[in-house]
Amino acid sequence: MKKQIIVGVTGGIACYKALDIVSKLKKRDMDVTVIMTKNAAEFVTPLSFETISQNAVIMDMFDSPDHWEVEHISLAKKADLFVIAPATANCIGKIANGICDDMLTTTIMATKKPVLFVPAMNSAMFENLIFQENVQKLEALGYSFMKPATGLLACGDIGIGKLPDPEEIVDYSCNLLFEIDKRKQDLVGRKILITAGPTIENIDPVRYITNHSSGKMGFALAEAAFERGSTVTLISGPVGLSCSKGIRRIDIGTTAELSEAVHDAFKDTDALIMAAAPSDYRVSSPSKEKMKKTHEDLILTFTENEDILASVGKIKGNKCLIGFAAETQDLIVHAVKKIERKNLDFIIANDVTQEGAGFSGDTNIITVIKSDGSIKSYPKMSKREVANIILDLLV
Ligand SMILES: Cc1cc2nc3c(=O)[nH]c(=O)nc-3n(C[C@H](O)[C@H](O)[C@H](O)COP(=O)(O)O)c2cc1C
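Using the numbering used here, read the sequence shown as starting at 63 and increasing by one per residue.
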């Protein structure tokens, strides 16, 4: 199940940075719902948050809910974590004093889930004893706070009060979720190597060939493995995704670089999950200079790349090896051949032509084939859920 994050946005000058927070949470495979105050909507439009979160933005207390449950109660229950960023002095003051006069404050009051406030304001406001007392009161009640950064503030003053970097806020939120989710720490002590994304093969210094792999499956695996307590190394091709700070990330470009990184990291790992989509071929002689248009057909010659999984299969010993088979036809036949040829323990087969399976989406439809020949198919699920099924194989 995807983590459900409610991002509360209140009316501070740092509102625009909340767009980046929402975007970064989404990139970490979270389902984000934004609740804005009316004053926040003076700074940034709900439409921007709606577009980035891909969920309706909630502002009005008295909009009729489209189901039986009152909306602020259903949001309060649905959330795994509330992140209020930026949190105004006003919003914090209201919660500290039990005032709930809008959708955000009412939902925060109605929730038993963890709430993280990320205050941002002018330093005089921040240092005001009334505000500090409110923070202390809420901290004593179990609410979490991130300390603002120090620097040049929007008002021109220099001091404490800046909203921390969105990446830091997302890391902090993920760590809180991680703390909350200690229930499933069944991979503690395991070292797992995961690959993700495509590789690129250069044609000349400015052009390359690649494939449609988005990296989402590999990143979901890395986050889930990290969450379940394992030490994770993630080797990623060029993708626009970010991962938790605790994950050791190695970025590569070509299949040769991927191979070198995998062989190097495999020495100190218990399991390899190869979710990357390395290119089977590279351009035989990439041009050193940018190729010029000749007005004639361009013919490129390709050389086969090393089969990384097969080469690791030869040296795997008793380590666990899991591969993926993305096919467009005869899925099971191809996958069973692959498991034997590459000496794998499991193969995760998916027919990338099926709607909801494969590369760029947030869902996948998989069939797990074990080296003993047993086969189990699963319905369409989020990539995070698929990741946990794959990790269960290791357990
Ligand atoms: C241009 C401008 C910038 C503001 N920036 C902040 C801010 O950074 N932090 C803050 O606590 N209040 C700030 N305020 C004041 C809040 O908007 C005000 O306290 C408002 O009542 C907050 O409403 P809300 O908490 O319901 O969103 C700002 C006001 C204006 C007009």
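Even glycine gets a Cβ: it sits at the ideal position worked out from N, Cα and C.
Model, not experiment: these values are computed from the prediction.
In this structure PHE288 does not touch ILE314 by the C-beta definition: roughly 20 Å separates them, more than the 8 Å allowed. In the same chain as THR317, and ignoring 5 residues on each side of it, the C-beta atoms closer than 6 Å to its own belong to THR261, PRO340, SER341 and ASN367, in chain order. Around the beta carbon of LYS100, a 10 Å sphere encloses fewer than 16 other beta carbons of the protein chains shown; the residue is thus reported as exposed. Closest in C-alpha terms to ALA158, from the list MET171, ILE146, PRO148 and ALA147, comes MET171.
The alpha helix (DSSP H) runs lying completely inside the stretch 185–271 and spanning 4 residues or more are 185–189, 191–202 and 228–242, given in chain order. The three-state reading of DSSP puts TYR343 in strand, counting E and B together. Annotation for ASN101 indicates a beta carbon within 7 Å of some heavy atom of ligand 1. In the structure shown, the three-state DSSP call for PRO300 is coil.
DSSP lists PHE144 as the bridge partner or partners of VAL177. Residue pairing by DSSP puts ALA333 in a beta bridge opposite ILE254 and CYS382.
Beta bridge pairing from DSSP links MET183 with no other residue.
Set against 7 Å, the gap from the CB of ILE75 to the closest heavy atom of ligand 1 is smaller.
At the C-beta level, GLY375 and ASN405 come within 8 Å of one another. Counting along the chain, no beta strand (DSSP E) covers SER373; the unbroken alpha helix (DSSP H) around it starts and ends at 370–376.
Ranked by Cα distance from GLU195, the first of ASP93, ILE154 and ILE256 is ILE154.
Each residue's CA atom was taken as its position, placing GLY291 and ILE254 some 10 Å apart. In this structure, DSSP gives LYS350 a state outside helix and strand, which the three-state scheme calls coil. Around the beta carbon of SER115, a 10 Å sphere encloses 16 or more other beta carbons of the protein chains shown; the residue is thus reported as buried. If the five residues before and after GLY204 are omitted, its C-beta is found closer than 6 Å to no C-beta atom of its own chain. Under the three-state reduction of DSSP output, ASN152 falls in the helix class. Bounds of any beta strand (DSSP E) do not take in ASP82; it lies within the alpha helix (DSSP H) bounded by 77–89. In its chain, beyond the 5 residues on either side, ARG446, ALA449, ASN450 and LEU453 have a beta carbon closer than 7 Å to the beta carbon of ALA286. Around the beta carbon of CYS305, 16 or more other beta carbons sit within 10 angstroms, so the residue counts as buried. Per DSSP, ASN405 lies in no beta strand (DSSP E) and is assigned neither H nor E.
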